[in-house]
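So the protein lines, in turn, are chains A, B, C and D.
Start counting the first sequence at 1; every next residue gets the next number (the numbering used here).
Start counting the second sequence at 1001; every next residue gets the next number (the numbering used here).
Start counting the third sequence at 2001; every next residue gets the next number (the numbering used here).
Start counting the fourth sequence at 3001; every next residue gets the next number (the numbering used here).
By construction, the Cβ of each residue, glycine as well, lies at the ideal position given by its N, Cα and C atoms.
None of these values were measured; they are calculated from a predicted model.
All remarks here apply to the structure that follows.
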Amino acid sequence: MQTVAERVIARAKELFFSGEVRRVLGWERGEFQHERIPALYETAEQLEKLVYDEYCGPNLSKELIALSKLEGRTLAILKPCDARSLNLLLREYRVDREKVYILGAGCTGMRGRDGLLLKCETCRGKDFPVFDEAIDDEECRKVPDGDRFADVCRIEQMSGDERFLFFRSELSKCIRCNACRNICPACSCNQCVFDNPDSGVSSKASADPFEDSQFHIVRAFHVAGRCTDCGECSRACPQGIPLHLLNRKIIKDIGELYGGYEAGGRSPLIDYRASDGEA
Amino acid sequence: MLKLHLDRLFRIAERRKLFAPIRRAGVVDFGLWEPGADVDLETLTSRSAKGLFFPQSEDLMVFQMRGKAIEVEPAAVPDDMFVLFGVRACDARSFAILDRVFLEGPVDTWYQARRSAGTVVALGCPGPLAESCFCPVFGIDLAEPEGDARAWVLDGELYLKAMTEKGEALLKELDGEEVDDNALDAAKADARAKMAQNPLADLDLTGLDGDHMMEMFNAPEWKALSKACLGCGACTYVCPTCQCYDIRDFDTGSGIQRFRCWDSCMFSDFTLMAHGNPRRTQLERFRQRFMHKLSYFPANNDGIYACVGCGRCVGKCPMHVNIAKVIRALGGKHI
Amino acid sequence: MQKIGVFVCWCGTNIAATVDVAAVADAMRSEPGVVYAADYQYMCSEVGQQRLIAAVREHALTGVVICACSPRMHEQTFRRAAERAGLNPYMVEIANIREQCSWIHKDKAVGTPKAIALARAAVAKVLKNAPLTAGESPVAKRALVIGGGIAGIQTALDVAEAGYEVDIVEKSPTIGGRMAQLDKTFPTLDCSACILTPKMVEAAQSPNIELLTYSEVEKVAGFVGNFTVTIRKKARYVDTNRCTGCAECVAKCPARKGKNEFNMGLDNRSAIYIPFAQAIPNVATIDASQCIKLRTGKCGICEKVCSAGAIDYNQRDEVIERRYGAIVAATGFRPISLEKFGEYAYQESPDVVTSLEFERILNAAGPTKGQLVRPSDGKHPHEIVFIQCVGSRCSEDAGKGKTYCSKICCMYTAKHAMLVREKYPDVRVRVFYIDVRTPGKNFDEFYRRAAEQYGVEYVKGMVGKVWRQNGKLMVQGSDLLNDEQLLIPADMVVLAAAIEPEPGARALATMLTASMDTNDFFSEAHPKLRPVESPTAGVFLSGACQGPKDIPETVAQAGAAAIKVVGLLSKDRLVTNPCVAHSNELLCNGCSQCEKVCPYGAITYSEREVVDRGVKDVRRLASVNEAVCRGCGACTVACPSGAMDLKGFANRQIMAEVDAICRAK
Amino acid sequence: MQGEVNEFKPLIVAFCCNWCSYAGADLAGSSRLSYPADVKIIRVPCSCRVNPLFILRAFQRGADGVIICGCHPGDCHYTTGNYYARRRMTVLFRLLEFMGIDRQRVRVEWVSAAEGAKFALVMNEFAGAVKALGENVKLGDLRCKP
């Protein structure tokens, strides 16, 4: 990781100084040891602050929606999971591929204040579905053998009422800050139905527990078949709600029913087979 | 100063609603105390205590449809007495700030009702509760919290000192042994010392106030500071002093329920008007939040900042952008 | 503010017996927005409609709810009545209190409250209705038929007959297609050419038909009534106006190595060629890949011998663009490649042939002048084995062949067997089959004649292997009925190869946004009710491109497609259904989810500038072609932002119905 | 029936596609095949028009069961609509079940225009199943209670 990080930073600078790219999207140090803040570097002097290490958890892919509308190419340092998210955004025409230079950065799992990030315990894999060049090494290619559906299976084993109580108590912590939605690379709507007074379902606060359920059910459904399981929703939640469970349940089901999907291909929910099973 | 075992305090729940920091589904928040509740006094609550007086959502009135007739029914003003225990010095100070907003005319009926119905038992900190704490920066003494009564916990024993009549009244309901006020001085000194060592304790507010409004507003740093901001409301909703709200209508099928709910100046639809949004970029929205806390509010409130250094936003922001960074960037000799 | 009128129909006693109609009307009077409510014996009667019209005028109603029978019965009636009253017809909603209420409930105690609930829902919906106006689009009075086989020819002839102009685009130098390659046709055994060539001539001579042979469709834009099609006319290097088809050049051409497509490659043809004697147009074409002059610049003999001076080595492809109101796909079929069926030794032995090759061998104009001889040594065969279902009815996991039945093989195999036995009684003919399928007029009689009168030996069973052994073809197969293994030393083996759509069809389907099934056959708009229409409005299907067919079926479908085309072209303007999808461009993300679920290709994307909350932005936005959209609503759910909505069944309308129904609880 | 005062009457919202199931309901009616009045039908052009938001809306507003009826797979008037509906609802229903919502409160049924008898049967069956479950409390919204 150490050397990979150095190579990534060196290469990013090289591409910037060569004029290949106009700006660099990466991270900078935050106030605390574990904090790395997404940062955009546009001058040589700023670029000195560029950092890449085991704390660069945040998914930068969504930033590129805005950046790819700017003049010139933007270099983005993307981890494998971030690249998967970008792949989705590319397929959905949210990001202009020509405007992005993807520097794939090997990753051995990212850490936060409380150690290894939950999303990294069951990593989806270390390959880059889309990139201009990738820098990694043996260590970075090792995939942890955690079963990402273990928690889903555990909950499936509970009784209906147990499951209801579990999710009701988790979702009742929701403060509707929209961090999960705003950070989600699949939630790229210009205006969310829940922000749109004309949608008939808009709501700013959950005045009734139903609205907690509705918001998260509908969000999970809207990203169904598109979710890249980057785990940012759960990482971002200030209330520690395991939101990724809803997405993973759907991913698991789609896998069992329709043979799975990889964001970047056609979403199984906008596809069908005459031989599909019944609801 | 009264000394008693913690459990004694919980007995008042038999007579009055008691709210305390309770751990539920892995998160500590102020909640209604019930026998068996998992009270946690070591952790800073995830959300601030402001919800007890200014809930995230509360009904204002109902427009009830009776056939074609409409009856307007105002929502009942909350008046059942309650005790709020375990508020830290930072949150305790936030009430004073909210009071300036809601009580200094026009008076907010609902907020006022809850304030007078509630008795605040603030709890002195044994030291910073998180690396993100920085209340001393705003002149708050973590060991001497403001409230109707002050409380400290030492070796499982609860020490209580009444600060107001409400506090007196509460203490009368509790029986414990009188002890000397100085009994805890050592512990308090120790707590202050620990806090002084906290990483953010050295934040320097020089140059951040109502007098430097334009310099602050025009500072070039905002661009970089706000770059990573998601425009979510995490910081706002955990903040003890953010007090913006929206008023909305909900169609119940048999009428319209008009309620108010927290809003966030970080949201892209905040104060959205027919012509569009007064603050169109996230930079402007981001700047607004911190200008309000560090410049606009003090400008209108005798120099009092609308931040109490609880550090929740520092810990909660998924992108790690927060007021501490803003103060570091703009404060000190900078301007 | 809307003013709604509610009319409760008794339907004689049909409704009134189990629903207190007066009570329903009364309940509606206290519904928000309702300014008038009444009940009447028969709302659908002229008197009833007059009452509706009068009330609309008198109370200046903006919307109307009829509580009566199913909208499938009288929605149109009441919409027209409302229109007569000067109200937008789409401001009418029906509460179905007969089929869904009075007829299924025993007494008023149950019927009346439910009727009220249904009426409430209809009121709630109409309050959210918006006036809708059907759009109109002009119709280009010309049809395009893609494919010049019997299907395309028949469709074109019928359309032309009805008085409309039609173009046939055919990729090969001549029309005629597969049927032109056939010797005889089952079950009548009449000569294929004799019945086809007159039609080819007719097509060529029809003033309404233009043949664009040796041409291909390159691009299709537009929609029903208004297609714009780009067609590439490939260079023949021969001026078709001058060429007389004398074939002098063909005789003299020194390059004779080109495989003769018409004879399925059983013999060669010259570089400049006329596919077959009755080809239409009867002009020569130079195969650039074979022509010495075009490859090396030398030669030029054809130019010298052409008395008409028709040869033009500098000819270039010509690209033309035309507007059409309707398009017919008639791209036909081909036999599958047998490379994966090594067990039949097709690659190893020239004496193992496909049925279509055998057809050419039997044909008097074929490579053997109609003499039945072995391709390998020209000797007369004494033992011929026919193998059916080669590549048809394969299991999915076989990894080769098709799962479907090619339909025509049983019959043409019987035909071939019969023809052989008729001409050469000395030849022993055996047919290996899984099942013999002969549904069709006189088909089974035909098959039985082959077996019973002509002595064709049918063996129920599969052939495991065919291999060459001292001049013979050893055929190893099983006879299931006699439960024995057969080892037959044959002189020739004829394989009934499965048929598949022409490979070009897939690309064409994409251009036409017409969907295809997993076998690349064009899908029909409805498997039972709209078999000759594609789901894409204005695109029709003719012949085997939609599925395996024999000639009579093909001709029948070709005619059916033609009448659909004529029906469309006979209109001057198309009135579009106003209940179509619509995209709110401020909400659209340009993610294309809607585009992907649209069965009609009605949704297109373009970069447009929008002003969102005062901010200018250029975005990729969806737009719905109202002439093409049929209003299913698939896109509205695929769209996460709610930008896509459906007029007449809008989100807000349906939610209002839900709310109203639940309010009744 | 109406004798028993405090008997639980479930509220069931049925979304029926215009071409098959709604016609099937009409046939049930014209054949005088009875099913509980608790079932209220909403006409949609196609089962693929049914947005999960509508289903949640119904539950929020007090529905105890929601059923979606469409043409049999392969018979969709729009050729593919019910295929999409089938996948969407499969995924949605499994998610709801995962979150502890009773699976029997939601259902998809294919009913053709000729299957009046099936329509009545399905509605009787579904109404019975929902009634057995009792009132929907898990997805209700207290503000919408009368």
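Cβ closer than 7 Å: which chain B residues qualify as neighbours of residue 3146(D)?
For the purposes of this step, residue 3146(D) is taken as residue 146 along the fourth sequence, with counting starting at 1. Result: 1254.
Pairwise C-alpha distance: residue 1197(B) and residue 1044(B):
Against the second sequence, residue 1044(B) aligns to sequence position 44. Against the second sequence, residue 1197(B) aligns to sequence position 197. Rounded to whole angstroms, the separation of the alpha carbons of residue 1197(B) and residue 1044(B) is 18 Å.
For residue 2591(C), return the contacting residues in chain A, with the cut-off set at a CB-CB distance below 8 Å.
Start at 1 with the first residue of the third sequence, and residue 2591(C) comes out as number 591. Counting only Cβ-Cβ distances below 8 Å, residue 2591(C) has contacts in chain A at 92, 93, 94 and 188, in chain order.
To be precise: take each residue of the region 228 to 253 of chain A, compare its Cβ to all Cβ atoms of chain D, and keep it if any distance is under 7 Å. Which residues remain?
246, 249, 250 and 253
Distance, residue 1118(B) Cα to residue 1017(B) Cα
Sequence index remark: in the second sequence, residue 1017(B) carries index 17 (1-based). Sequence index remark: in the second sequence, residue 1118(B) carries index 118 (1-based). Roughly 9 Å separates the two Cα atoms.
Hey, quick one: how far does the beta strand (DSSP E) through residue 2102(C) stretch, first residue to last?
Against the third sequence, residue 2102(C) aligns to sequence position 102. Where residue 2102(C) is concerned, there is no enclosing beta strand (DSSP E), given that its DSSP letter is neither H nor E.
CB contact below 8 Å: residue 2642(C) versus chain B:
The residue you call residue 2642(C) lines up with position 642 of the third sequence. No, because no Cβ of chain B sits closer than 8 Å to the Cβ of residue 2642(C).
Applying a beta-carbon distance threshold of less than 8 Å, which residues of chain C neighbour residue 266(A)?
Counted from its first residue, the first sequence places residue 266(A) at position 266. For residue 266(A), the residues of chain C that pass the 8 Å Cβ criterion are 2596, in the order they occur in the chain.
Short of 6 Å in beta carbon distance, which residues of its chain neighbour residue 1286(B), apart from the five on each side in sequence? Order them along the chain.
Indexing the second sequence from 1 puts residue 1286(B) at position 286. Excluding residues within five positions, the ones whose Cβ falls inside 6 Å are 1226 and 1229.
Tell me, please, whether the CB atom of residue 3099(D) is closer than 8 Å to any CB atom in chain A?
Here residue 3099(D) refers to the residue found at position 99 when the fourth sequence is read from its first residue. Yes, its Cβ sits closer than 8 Å to a Cβ of chain A.
Could you say which of 2238(C), 2289(C), 2278(C) and 2346(C) lies nearest to residue 2308(C) if we only look at CA atoms?
Position 308 of the third sequence, counted from the first residue, corresponds to residue 2308(C). Of 2238(C), 2289(C), 2278(C) and 2346(C), the residue nearest in Cα terms is 2238(C).
Does any C-beta atom of chain B lie closer than 8 Å to the C-beta of residue 2016(C)?
Walking along the third sequence from the start, residue 2016(C) turns up at place 16. Judged by the 8 Å Cβ criterion, residue 2016(C) is not in contact with chain B.
Give the DSSP bridge partners of residue 2138(C), in chain order.
Reading the third sequence from its first residue, position 138 is the one you call residue 2138(C). Looking at the DSSP assignment, residue 2138(C) forms a beta bridge with 2573(C).
At 9 Å on the CB atoms, spell out the chain B contacts of residue 2615(C), in chain order.
If you number the third sequence from 1, residue 2615(C) lands on position 615. In chain order: 1276, 1277, 1280 and 1281.
In angstroms, rounded to a whole number, what distance separates the CA positions of residue 22(A) and residue 2635(C)?
Taking the first sequence and counting its residues from 1, one reaches residue 22(A) at position 22. Taking the third sequence and counting its residues from 1, one reaches residue 2635(C) at position 635. A straight-line Cα-Cα distance of about 38 Å links residue 22(A) and residue 2635(C).
Is the shortest distance between the beta-carbon of residue 3002(D) and the beta-carbons of chain A less than 8 Å?
The sequence position of residue 3002(D) within the fourth sequence is 2, counting from 1. Below a pLDDT of 50, predicted positions are generally treated as unreliable, and residue 3002(D), at 46, falls in that range; the measurement from the model is reported next regardless. No, its Cβ sits nowhere closer than 8 Å to a Cβ of chain A.
Proximity of residue 2434(C) and residue 2389(C) at Cβ, strictly below 8 Å
For the purposes of this step, residue 2434(C) is taken as the residue at position 434 of the third sequence. For the purposes of this step, residue 2389(C) is taken as the residue at position 389 of the third sequence. Cβ distance < 8 Å, so residue 2434(C) and residue 2389(C) count as in contact.
Own chain, CB closer than 6 Å to residue 2035(C), minus 5 neighbours either side, in chain order
For the purposes of this step, residue 2035(C) is taken as the residue at position 35 of the third sequence. Result list for residue 2035(C): 2003 and 2059, in chain order.
CA-CA distance, residue 2965(D) and residue 2584(C)?
Chain D is shown only over 3001 to 3146; residue 2965(D) falls outside these bounds and no answer can be derived.
Residue 213(A), buried or exposed, once every other Cβ within 10 Å from all chains shown has been counted against 16
By 1-based counting over the first sequence, the position of residue 213(A) is 213. Residue 213(A) should be labelled buried.
Could you tell me the alpha carbon to alpha carbon distance between residue 3003(D) and residue 1248(B), rounded to whole angstroms?
One-based indexing of the fourth sequence puts residue 3003(D) at position 3. One-based indexing of the second sequence puts residue 1248(B) at position 248. Note that residue 3003(D) has pLDDT 47, beneath the 50 cutoff, so the model's placement of it is unreliable and no number is given.
I need the boundaries of the alpha helix (DSSP H) containing residue 150(A), first residue and last residue.
Taking the first residue of the first sequence as position 1, residue 150(A) is located at position 150. Residues 150 to 157.
Cβ neighbours of residue 2332(C) in the same chain (closer than 7 Å, five flanking residues each side left out):
What you label residue 2332(C) is simply residue 332 of the third sequence in a count that begins at 1. 2147, 2149, 2151, 2177, 2178, 2502, 2543, 2544 and 2545.
Taking contact to mean at least 3 C-beta pairs separated by less than 8 Å, is the region 2127 to 2146 of chain C in contact with the region 3045 to 3056 of chain D?
no
Chain-ordered neighbours of residue 3032(D) on chain A, where CB pairs are closer than 9 Å
Mapped onto the fourth sequence, residue 3032(D) falls at position 32. None at all; the shortest Cβ gap to chain A is about 30 Å.
Return the residues of the region 3030 to 3060 of chain D that lie within a Cβ-Cβ distance of less than 7 Å from chain A, sorted by chain order.
So the close ones are 3052, 3053, 3056 and 3060.
Within 10 Å of its beta-carbon, does residue 17(A) have 16 or more other beta-carbons around it, so buried, or fewer, so exposed?
Residue mapping note: residue 17(A) aligns to position 17 of the first sequence, counting from 1. That one is exposed.
Taking the beta strand (DSSP E) that residue 1152(B) falls in, what are its first and last residues?
Here residue 1152(B) refers to the residue found at position 152 of the second sequence. Note, residue 1152(B): beta strand (DSSP E), 1149 to 1154.
Count the other CB atoms within 10 Å of the CB of residue 1166(B); is the residue buried (16 or more) or exposed (fewer)?
Counted from its first residue, the second sequence places residue 1166(B) at position 166. Within 10 angstroms of the beta-carbon of residue 1166(B) lie 16 or more other beta-carbons, which makes it buried.
From residue 33(A) to residue 248(A), what distance separates their C-alpha atoms?
Residue numbering aside, residue 33(A) sits at position 33 when the first sequence is read from its first letter. Residue numbering aside, residue 248(A) sits at position 248 when the first sequence is read from its first letter. Going by the C-alpha atoms only, they are around 31 Å apart.
By the DSSP assignment, the beta strand (DSSP E) with residue 2067(C) in it spans what residues?
Here residue 2067(C) is taken as the residue at index 67 of the third sequence, counted from 1. Here the beta strand (DSSP E) through residue 2067(C) covers 2063 to 2068.
Can you look up residue 2542(C) in the DSSP assignment and give me helix, strand or coil?
Mapped onto the third sequence, residue 2542(C) falls at position 542. Three-state result, residue 2542(C): coil.
Name, in chain order, the residues that DSSP records as bridge partners for residue 2354(C).
In the third sequence, counting from the first residue as 1, residue 2354(C) sits at position 354. Bridge partners of residue 2354(C): 2495(C).
Does the region 2207 to 2219 of chain C come into contact with the region 2437 to 2445 of chain C, if we say contact requires no fewer than three beta-carbon pairs (one atom in each stretch) closer than 8 Å?
no
For chain B, check one thing: does any of its Cβ atoms lie closer than 8 Å to the Cβ of residue 3143(D)?
Position 143 of the fourth sequence, counted from the first residue, corresponds to residue 3143(D). By this cut-off, residue 3143(D) is an interface position.
Using a Cβ cut-off of 8 Å, which residues of the region 1031 to 1056 of chain B contact any Cβ in chain A, in chain order?
1046, 1047 and 1056
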